[in-house]
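Undergrad: Got a structure for you, questions after.
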Amino acid sequence: MRRTLTSILLPLTVCAFGLVACTSAPSSATKLDVAPDTIILDVRTPEEYAAGHLEGAQLLDFTGGAVEAALPSLDPEAEYFVYCRSGNRSGQAIALMERAGFADLTNLGSLEQAAERTGLSVVG
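Shown next, in the form of structure tokens:
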């Protein structure tokens, strides 16, 4: 009985911890300092960007291939904050950037989470 219980509970526990670790965006409770040289990337579509974006954010449409196209011109040593609509595209953009050698990357999640975490205004 004990072996059966362990064989059932252990995989469920590991799975639960795995799901928590794989969330696409960090908790919005963590406030971040935005240094003057921090680069903020909005990886949503131009239409989403036009409807509202963080002040100072640079648009690189992930779905349209702009992130990948811009990699050679981006500074791999810079600090990047990346956001999208839900944290999914920003997570994918960060993974792409990490594979290209970028290291100082933060997924801000959604526009609302990004505004809350950075204290920056939404403009547009």
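Residue numbers (mature numbering (1 follows the signal peptide of the UniProt record, and there is no 0)): -21 to -1, 1 to 103. Glycine is no exception: its CB is placed at the ideal position from the N, C-alpha and C atoms. In this text the structure is predicted, and so the values were computed from the model without any measurement.
Taking C-beta to C-beta, are Tyr62 and Leu38 nearer than 7 Å?
TA: Going by C-beta atoms, Tyr62 is not nearer than 7 Å to Leu38.
Undergrad: Just the C-alpha distance for Thr24 and Gly44, rounded to the nearest angstrom, thanks.
TA: Approximately 10 Å between the Cα atoms of the pair.
Undergrad: Is Gly103 helix, strand or coil when you go by DSSP?
TA: The answer is coil: DSSP assigns Gly103 none of H, G, I, E or B.
Undergrad: Flag this pair as yes or no: are the beta carbons of Val46 and Thr97 separated by less than 7 Å?
TA: No; because the gap between Cβ atoms is not below 7 Å, this pair is not in contact.
Undergrad: By the DSSP assignment, the alpha helix (DSSP H) with Pro84 in it spans what residues?
TA: One detail in the question is off: residue 84 reads as Leu in this sequence, not Pro. Leu84 -> not in any alpha helix (DSSP H); beta strand (DSSP E) instead, spanning 84 to 89.
Undergrad: If you reduce the DSSP assignment to three classes, tell me which class Val22 lands in.
TA: Val22 falls in the coil class under three-state DSSP.
Undergrad: Give me the residue from Val22, Leu53, Ala49, His32 with the minimum Cα distance to Leu99.
TA: Measuring from the Cα of Leu99, the nearest candidate turns out to be His32.
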